[in-house]
Amino acid sequence: MAIDAATVRKVARLARIAEPEARIEPLAREISGIMDWIEQLSEVDIEGVEPMTSAVSRPAPLRDDVVTEGGDPERILANAPRRAGDFFVVPKVVE
Amino acid sequence: MSSLTDLTLREALDGLSARTFSSEELTRAHVEAVEAARPLNAYILETPEKALDMARASDARRAAAEAGPLDGVPLGIKDLFCTDGVRTTAGSRILGGFTPTYESTVTSQLWRDGAVMLGKLNLDEFAMGSSNETSAFGPVVSPWRRRGDTAPLTPGGSSGGSAAAVAAGLCLGATATDTGGSIRQPAAFTGTVGIKPTYGRCSRWGVVAFASSLDQAGPITRTVEDAAILLKSMSGHDPKDSTSLDVEVPDFASFVGRSVKGMRIGVPREYRVDGMPAEIEALWEQGIAWLRDAGCEIVEVSLPHTRYALPAYYIVAPAEASSNLARYDGMRYGLRAEASGLTDTYEKSRAEGFGEEVKRRILIGTYVLSAGYYDAYYLRALKVRRRIADDFTEAFGKVDALLTPTAPSAAFALGENADDPVAMYLNDIFTVTVNLAGLPGMSVPAGLDARGLPLGLQLIGRPLDEGLLFSLGGAIEAAAGFTAKPARWW
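These protein sequence lines are chains A and B, in that order. For the first sequence, position 91 matches number 329 in our numbering, and the numbering has no gaps at all. For the second sequence, position 17 matches number 19 in our numbering, and the numbering has no gaps at all.
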């Protein structure tokens, strides 16, 4: 199915990627090409098939809900683009 | 000292153990080789001082009779594995300045066993690519060239730096990862051995995530035995990865050289794809003959959903990637672009930080997970994935392992497939099924094509049956007698 420019803009917004206007039409073409190729999946009979969500067919392990690590702000903040004391500095969230 | 870089990992361990040379000498020879090979662009970060420090510490351990199973052996690390205090980029601008404060489980096990780190190896951005051309650091150039031709070739991808470094003698072995073929295809393109173990064999903790239900770490080496030695150190249960399997790690190397007599080897008829080069077909026939000579019984099997594996993968992997890569928001680490508000900062940071292929996959993933399309695409792909896995289960009722070509062609020139994403994706046609099913798969060099480029054969095993793959891989290696090396031009 054809992906149009409006869909690309919407999806780019959802993905929080600022795509320049000049890229919208080329992306629509590229993604349409890929989705057309993917369309062949509709040929497969999937009646009654359970979706495969993991390559490991065992139950997820459980552990006690206790703190195992922490109390080390220096390591956590070591790559912060901006920090103030033991806090990340981020753009204003609430006007 | 150049001969020290021609050793296999096994020979190096023997030489260190016999005190024929020290780890410092061995490591220095590799550091020099790495420096001399910069035109290959295999390493995106060289850590020579760290390497020599680690080598001297190894020599001290050996002198004190405390040497571990990999003690003193210099390795290259794919730059997808987080290394404590050493920049880790995933080949992306968005992590261009990222220095982890922790060590991935896999690499920590290599250092626990005494290995030495030479540096971080180039890769496709976030491991998304089959030619290394999506790296923000520029592509790796294969040490191999077509006979009588100087055109730069791809070493494959995404573990192109790992494969090129191993093929060119820039390390004795390398870590790699494989989400759709990223260990096996580059191994095939460079005449090296690569194994993607069973999903859950190696911990994913500290490995930059691409598609978590498919990602697996594994080694690339010059021999089957070397791959077995490295995989043993890389494997094992890790409580920090909830999909890590709590199972015994066998001594994989002990399987190399074992008889494969009586083993039933499946040849899947759906892997005879249209347009497959005659040389690949002939190599496959040769592989079948080698295993038959080794006493295996060859059985034709059917994996009827094979042709749907790539399209299913190109739903599942981008969907998982779009979710995994949501963490790169410019707030806590990674690139932050200056913009006016929060949303603009997100959008601009991600636009500047991600390359075109990564953005394309995030957009596809976001699209197939978005309201109204989830059932039609994502859920359908997960059901097709089950069909593909069931095909293998059925086949493994009749056979012990499968033999296929690794890739549909030999290495191609850089730039050759760059304009057509689907053509690039077809590189993984024989490897991607294995990731979807979570099975172990190994590529073994088996011969050269008419232009002098390496070709690989792939072995696929039952879950956790890497041991048999090492026996079969060893049998193919012995029969093929593959000794070709790239002629040094760099």
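For every residue, glycine included, the Cβ atom is placed at its ideal position computed from N, Cα and C. Bear in mind that the values here come from a model prediction, so they are computed numbers and not experimental data.
Reduced DSSP category for residue i - H, G, I as helix; E, B as strand; rest coil
i: residue 4 (chain B); result: The predicted position of residue 4 (chain B) is uncertain, since its pLDDT is 49 and thus under 50; no value can be drawn from it.
i: residue 333 (chain A); result: coil
i: residue 174 (chain B); result: coil
i: residue 10 (chain B); result: coil
i: residue 340 (chain B); result: coil
i: residue 463 (chain B); result: strand
i: residue 72 (chain B); result: coil
i: residue 414 (chain B); result: coil
i: residue 122 (chain B); result: strand
i: residue 350 (chain B); result: helix
i: residue 18 (chain B); result: helix
i: residue 370 (chain B); result: helix
i: residue 276 (chain B); result: coil
i: residue 242 (chain A); result: coil
i: residue 28 (chain B); result: helix
i: residue 33 (chain B); result: helix
i: residue 192 (chain B); result: helix
i: residue 242 (chain B); result: coil
i: residue 135 (chain B); result: coil
i: residue 80 (chain B); result: strand
i: residue 209 (chain B); result: strand
i: residue 101 (chain B); result: coil
i: residue 297 (chain A); result: coil
i: residue 322 (chain A); result: strand
Range of the contiguous alpha helix (DSSP H) that encloses residue i
i: residue 235 (chain B); result: 226-236
i: residue 263 (chain B); result: Here residue 263 (chain B) belongs to no alpha helix (DSSP H), and DSSP marks it neither H nor E.
i: residue 436 (chain B); result: 434-439
i: residue 311 (chain A); result: 311-315
i: residue 426 (chain B); result: 423-427
i: residue 107 (chain B); result: 107-114
i: residue 320 (chain B); result: 311-326
i: residue 306 (chain A); result: No alpha helix (DSSP H) holds residue 306 (chain A); DSSP gives it neither H nor E.
i: residue 395 (chain B); result: 382-397
i: residue 471 (chain B); result: 468-482
i: residue 166 (chain B); result: 162-169
Residues near residue i by beta carbon distance below 8 Å, same chain, minus five either side
i: residue 349 (chain B); result: 341
i: residue 297 (chain B); result: 261, 262, 263, 264 and 265
i: residue 48 (chain B); result: 33, 36, 37, 120 and 121
N-terminal and C-terminal residue of the beta strand (DSSP E) that residue i is part of
i: residue 45 (chain B); result: 45-48
i: residue 223 (chain B); result: 218-223
i: residue 445 (chain B); result: 443-450
i: residue 264 (chain A); result: Premise fails: residue 264 (chain A) lies in the alpha helix (DSSP H), 259-276, not in any beta strand (DSSP E).
i: residue 303 (chain B); result: 299-303
i: residue 405 (chain B); result: 403-407
Integer-rounded CB distance, given that residue j should sit under 8 Å from residue i
i: residue 334 (chain B); j: residue 318 (chain A); result: 6 Å
i: residue 336 (chain B); j: residue 23 (chain B); result: That pair is no contact at about 41 Å.
i: residue 84 (chain B); j: residue 51 (chain B); result: About 20 Å separates the two Cβ atoms, so there is no contact after all.
i: residue 187 (chain B); j: residue 132 (chain B); result: 6 Å
i: residue 353 (chain B); j: residue 255 (chain A); result: 5 Å
i: residue 324 (chain B); j: residue 253 (chain A); result: 6 Å
Cut-off 6 Å between Cβ atoms - residues of its own chain near residue i, not counting five sequence neighbours on either side
i: residue 3 (chain B); result: For residue 3 (chain B), the predicted model reports a pLDDT of 40, less than 50, meaning its position is unreliable; a value from the coordinates is still stated below. Hits under 6 Å: 31.
i: residue 320 (chain B); result: 363, 366 and 367
i: residue 326 (chain B); result: 211
i: residue 245 (chain B); result: 202
i: residue 141 (chain B); result: 134, 135 and 416
i: residue 447 (chain B); result: 193, 456, 458 and 484
i: residue 230 (chain B); result: 254, 255, 258 and 472
i: residue 162 (chain B); result: 134, 142 and 188
i: residue 351 (chain B); result: 332, 337, 338 and 339
i: residue 196 (chain B); result: 185, 186, 189, 222 and 445
i: residue 250 (chain A); result: 257
Sequence-distant residues of its chain with Cβ nearer than 7 Å to residue i (five each side left out)
i: residue 347 (chain B); result: 332, 338, 339 and 341
i: residue 266 (chain A); result: 241, 242, 243 and 246
i: residue 321 (chain A); result: 315 and 327
Residue-level contact to chain D via CB, residue i, 9 Å cutoff
i: residue 323 (chain A); result: Given the protein chain composition of this structure (A and B), no chain D is represented.
Short-range partners of chain B found in the segment 298-310 of chain A, where Cβ spacing is below 8 Å:
298, 299 and 301
If the cut-off is 7 Å on Cβ atoms, which residues from the segment 78-109 of chain B count as contacting chain A, listed in chain order?
100, 101 and 103
Could you list the residues in the segment 250-265 of chain A with a C-beta less than 9 Å from some C-beta on chain B, going in chain order?
250, 251, 252, 253, 254, 255, 256, 257, 258, 261 and 265
Taking a cut of 7 Å between CB atoms, which residues from the segment 316-333 of chain B lie near chain A?
316, 317, 324, 332 and 333
Interface residues of the segment 198-223 of chain B facing chain A [CB-CB below 8 Å]:
201, 202, 215 and 216
Using a beta-carbon distance cut-off of less than 7 Å, what residues from the segment 362-378 of chain B approach chain A?
362, 364, 365, 366, 368, 369 and 372
Using a Cβ-Cβ cut-off of less than 8 Å, give me the residues of the segment 452-467 of chain B that come near chain A, in sequence order.
none
Using a Cβ-Cβ cutoff of 8 Å, what residues of the segment 394-425 of chain B are near chain A? List them in chain order.
423 and 424
Of all the residues that make up the segment 29-46 of chain B, which are near chain A by a beta-carbon distance shorter than 7 Å?
none
Where the segment 261-276 of chain B meets chain A: residues whose CB sits under 7 Å from a CB there:
none
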